[in-house]
Amino acid sequence: MSWSQKLAELGIQLPSVAAPVAAYVPAVRSGSHVYVSGQLPFIEGALAATGKVGGEISPEEGKAHARTCALNALAAVHSLVGIDAVVRVVKVGGFVAAAEGFTAIPTVVNGASELFGEVFADAGRHARAAVGVAELPLGAPVEIEVIFEVG
Numbered sequence: 010m011s012w013s014q015k016l017a018e019l020g021i022q023l024p025s026v027a028a029p030v031a032a033y034v035p036a037v038r039s040g041s042h043v044y045v046s047g048q049l050p051f052i053e054g055a056l057a058a059t060g061k062v063g064g065e066i067s068p069e070e071g072k073a074h075a076r077t078c079a080l081n082a083l084a085a086v087h088s089l090v091g092i093d094a095v096v097r098v099v100k101v102g103g104f105v106a107a108a109e110g111f112t113a114i115p116t117v118v119n120g121a122s123e124l125f126g127e128v129f130a131d132a133g134r135h136a137r138a139a140v141g142v143a144e145l146p147l148g149a150p151v152e153i154e155v156i157f158e159v160g
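The sequence shown maps to residues 10 to 160 in the numbering used here.
In structure tokens, the structure reads:
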């Protein structure tokens, strides 16, 4: 089964590629890898939420926003090489705007990791960093960047 068929089976429709908010491109291919720029939780061109996880944003909401970021990353790789060219997810970098004292950063980033597991099964297993930060662009609660291996 192709990845596009798997997305359809899961009822997942990829969004439009999120427009960059500064001087960069959504994704770049170098050899057999696609590097996806940090993706914010944009839905139809608008930031889904602002605030800090563990403060204005609950951990569950943060996890859902990480999933949205991951969907935007899939849209970026798809627009560049096509989703069916993905061989595996290599690495995920997750950044969470965390309220003071909030330390469940890995649980929030699981929203992205779990989506990649649903779509790519074993090829979705990846290395990862999950980092709590004071602020993210535009006040976003979560940002996800991804490296994909492609064929």
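From the three backbone atoms N, C-alpha and C, an ideal C-beta is built for every residue, glycine too. This structure is a prediction, so every number in the text was calculated from the model and none was measured.
Where do the ends of the alpha helix (DSSP H) carrying residue i lie?
{"i": "Q14", "result": "12-19"}
{"i": "F111", "result": "Taken as a continuous stretch (DSSP letters only), F111 belongs to no alpha helix (DSSP H), as it is neither H nor E."}
In this structure, how does DSSP classify residue i when only helix, strand and coil are distinguished?
{"i": "S39", "result": "strand"}
{"i": "G133", "result": "helix"}
{"i": "V128", "result": "helix"}
{"i": "E53", "result": "coil"}
{"i": "G47", "result": "strand"}
{"i": "V62", "result": "strand"}
{"i": "L145", "result": "coil"}
If I'm right that residue i touches residue j with Cβ under 8 Å, what's the distance once you round it to whole angstroms?
{"i": "A108", "j": "G64", "result": "3 Å"}
{"i": "V99", "j": "H74", "result": "Going by Cβ atoms, the distance from V99 to H74 rounds to 22 Å, so no, they are not a contact pair."}
{"i": "V117", "j": "G71", "result": "4 Å"}
{"i": "A121", "j": "R76", "result": "6 Å"}
{"i": "I153", "j": "A82", "result": "6 Å"}
What first and last residue would you give for the beta strand (DSSP E) that runs through residue i?
{"i": "K100", "result": "95-106"}
{"i": "R76", "result": "Not the beta strand (DSSP E): R76 falls in the alpha helix (DSSP H), residues 68-90."}
{"i": "G141", "result": "136-142"}
{"i": "V26", "result": "Careful: V26 lies outside any beta strand (DSSP E) and carries neither H nor E."}
{"i": "E152", "result": "151-159"}
Short check: CB of residue i to CB of residue j, under 8 Å?
{"i": "V45", "j": "A85", "result": "yes"}
{"i": "L145", "j": "F111", "result": "no"}
{"i": "V128", "j": "K15", "result": "yes"}
{"i": "L89", "j": "A36", "result": "yes"}
{"i": "A106", "j": "P68", "result": "no"}
Measuring alpha carbon to alpha carbon, tell me which of the options ends up nearest residue i.
{"i": "Q48", "options": "S41, P29, K61, G20", "result": "P29"}
{"i": "G91", "options": "G160, P68, D131", "result": "G160"}
Taking 8 Å as the CB-CB cut-off, is residue i touching chain C?
{"i": "I52", "result": "Looking at the structure shown, chain C is missing, and only one protein chain is on hand."}
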